[in-house]
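S.K.: Take this structure, written in structure tokens, and hold onto it; I'll ask about it next.
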Amino acid sequence: MARIDSLKIFYEVVLARNFSTAAKKLGLTPSAVSKQIGMLEDRLDVRLLNRTTRTVNPTEAGQIYFDRARRILEELDEAESLIADMDSNPRGSLKIAAEPIFGRAILARILADFNEAYPEVRPELFLTDHSLELVKQGFDAGIHLGHLQDPSLTTTMIANHDVILCASDDYLARHGTPNKVDDLHHHHLIKISSMEFHQPRQIDDYFENMNIRRGFRVIVNDTDMAYHAAIAGIGIAPLPNYLVMPQIQRGRLVHVLPSLSTEAHPVQLVCQKNRHISIKTESFRTFVVQYFKR
Numbered sequence: 306m307a308r309i310d311s312l313k314i315f316y317e318v319v320l321a322r323n324f325s326t327a328a329k330k331l332g333l334t335p336s337a338v339s340k341q342i343g344m345l346e347d348r349l350d351v352r353l354l355n356r357t358t359r360t361v362n363p364t365e366a367g368q369i370y371f372d373r374a375r376r377i378l379e380e381l382d383e384a385e386s387l388i389a390d391m392d393s394n395p396r397g398s399l400k401i402a403a404e405p406i407f408g409r410a411i412l413a414r415i416l417a418d419f420n421e422a423y424p425e426v427r428p429e430l431f432l433t434d435h436s437l438e439l440v441k442q443g444f445d446a447g448i449h450l451g452h453l454q455d456p457s458l459t460t461t462m463i464a465n466h467d468v469i470l471c472a473s474d475d476y477l478a479r480h481g482t483p484n485k486v487d488d489l490h491h492h493h494l495i496k497i498s499s500m501e502f503h504q505p506r507q508i509d510d511y512f513e514n515m516n517i518r519r520g521f522r523v524i525v526n527d528t529d530m531a532y533h534a535a536i537a538g539i540g541i542a543p544l545p546n547y548l549v550m551p552q553i554q555r556g557r558l559v560h561v562l563p564s565l566s567t568e569a570h571p572v573q574l575v576c577q578k579n580r581h582i583s584i585k586t587e588s589f590r591t592f593v594v595q596y597f598k599r
């Protein structure tokens, strides 16, 4: 059992790239985690991790060990899921990876309702720009924004999302409300830059698709920053509708040029294709689909 525990600790440290983060997730102290890794390296007589003051990264041997550890832990989780499914009662931990903006804006509300419906399931939500990689590494499910073509993954369509132009009421009171696309040339615009490598292209190219390539008041590489800049009254920003609709309903943001239409992009729940889908994962998938049908 101690060897399984050390596998789990090592796996979480590599995943988090940080002793403190891994320790918090495991319910241990950073010193206890560091001690376990040291004992593991002593037992194997090889260095598994390169350590710096802020992060840890696997050595070549560490990456090999991590890949094998992942497979062992996946098999163990699958065995436990199969046993748990025998009584058809969803229970246990449910690891979910999601892109940060969507996770903060939407998933907290979903998980609150899901916890009430399935009190014996304990969701573990990991917000990351690499949600698909975590699903491949053993997470039960991931939330992916946009189209996906990956034969190793299975997808379930749960919603569509659009990009809409938004500004604060204060900004529009000072600068006027644009009535047509050409009016945008005379406004302060907030551009989201392609420096954010995971940024959905319909946001990154929004103004370029309107032949607007200059005159930006501010350029940011983060959707959340653009969102707060719009609320602060800096200018007009293209933002995902799932992020801004609550603020539009509260009057903090105004939908600008609502007659504009953009291509709808899918929000998909992703699982490994060749892995047993546990009853807890299937329950979550069904719950999320029904949530967006309300």
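Going by my numbering, the first residue of the sequence shown is number 306, and it counts up by one from there.
By construction, the Cβ of each residue, glycine as well, lies at the ideal position given by its N, Cα and C atoms.
1) Which of the three DSSP states, helix, strand or coil, is assigned to Glu346?
2) Report the rounded CA-to-CA distance for Glu380 versus Asn579, giving the unit in angstroms.
3) Measuring straight from C-alpha to C-alpha, what distance separates Tyr370 and Gln554?
4) Does DSSP put Gly481 in a helix, in a strand, or in coil?
5) Could you check where the alpha helix (DSSP H) with Arg590 kicks off and where it finishes?
6) Once DSSP output is grouped into helix, strand and coil, what is the label at Pro395?
7) Does DSSP put Lys400 in a helix, a strand or coil?
8) Assuming Ala472 contacts Leu558 (C-beta within less than 8 Å), just tell me the rounded distance between them.
9) Within 10 angstroms of its Cβ, does Asp445 collect 16 or more other Cβ (buried), or is it exposed?
10) For His490, which of helix, strand or coil comes out of DSSP?
11) Can you pull the DSSP bridge partners for Thr459?
12) Have a look at His466 and Ser564 and give me their C-alpha separation to the nearest angstrom.
13) Going straight from the alpha carbon of Val318 to that of Gly447, what length do you get?
14) If I follow the unbroken alpha helix (DSSP H) through Ala601, where does it start and stop?
15) Thinking just about the alpha-carbon of each residue, which of Asn420, Lys400, Tyr423, Arg308 is nearest to the one in Leu439?
16) Unbroken beta strand (DSSP E) runs of length 3 or more, entirely within the stretch 540 to 569: which are they?
17) Using three-state DSSP, classify His435 as helix, strand or coil.
18) On the CB-based measure, 16 or more other CB atoms within 10 Å of its CB, does His449 come out buried or exposed?
19) Assuming Ala402 and Leu412 form a contact by the criterion Cβ under 8 Å, report the distance between their Cβ atoms to the nearest whole angstrom.
20) Measuring only the C-alpha atoms, how far is Ala327 from Tyr596?
21) Work out the CA separation of Phe592 and Leu345 for me, nearest whole Å.
22) Got a sec, what are the start and stop residues for the alpha helix (DSSP H) Arg414 sits in?
23) Leu489: which of Phe521, Glu385, Ala478, Ala531 sits nearest, CA to CA?
24) My guess is that Gly397 and Glu385 are in contact by the Cβ rule of under 8 Å, so how many angstroms apart are they, rounded?
25) Of the choices Arg590, Lys585, Arg599, whose alpha-carbon is the least far from that of Pro424?
26) Need the endpoints of the alpha helix (DSSP H) that Leu331 sits in, please.
M.R.: This is what the structure holds:
1) Judged by DSSP in its simplified three-state form, Glu346 adopts helix.
2) Roughly 12 Å between the two C-alpha positions.
3) Tyr370 and Gln554 have their C-alpha atoms roughly 50 Å apart.
4) It is coil, neither helix nor strand.
5) From DSSP, the alpha helix (DSSP H) with Arg590 extends over 584 to 597.
6) In this structure, DSSP gives Pro395 a state outside helix and strand, which the three-state scheme calls coil.
7) Strand.
8) With a Cβ gap of about 7 Å, Ala472 and Leu558 count as contacting.
9) The residue is buried, with at least 16 neighbouring Cβ atoms inside 10 Å.
10) It is helical.
11) According to DSSP, which records beta bridges pairwise, Thr459 is partnered with Cys576.
12) So the two alpha carbons sit approximately 16 Å from each other.
13) One Cα belongs to Val318, the other to Gly447, and the distance between them is close to 20 Å.
14) Shown here, the chain extends from 306 to 599; a query on residue 601 therefore has no answer.
15) The option with the nearest alpha carbon to Leu439 is Lys400.
16) Restricted to the stretch 540 to 569, the beta strand (DSSP E) segments that are unbroken, complete and at least 3 residues in length are 542 to 545, 559 to 561, listed in chain order.
17) It is coil, neither helix nor strand.
18) That one is buried.
19) Contact between Ala402 and Leu412 does not hold, since their C-beta atoms are separated by about 11 Å, which reaches or exceeds 8 Å.
20) Their Cα atoms are separated by approximately 31 Å.
21) Cα to Cα, the separation comes out at about 41 Å.
22) Per DSSP, Arg414 is one residue of the alpha helix (DSSP H) stretching across 413 to 422.
23) Answer by Cα proximity: Phe521.
24) The pair is a contact, with the Cβ atoms about 7 Å apart (cut-off 8 Å).
25) Among Arg590, Lys585, Arg599, the Cα nearest to that of Pro424 belongs to Lys585.
26) Where Leu331 is concerned, the enclosing alpha helix (DSSP H) stretches over 324 to 331.
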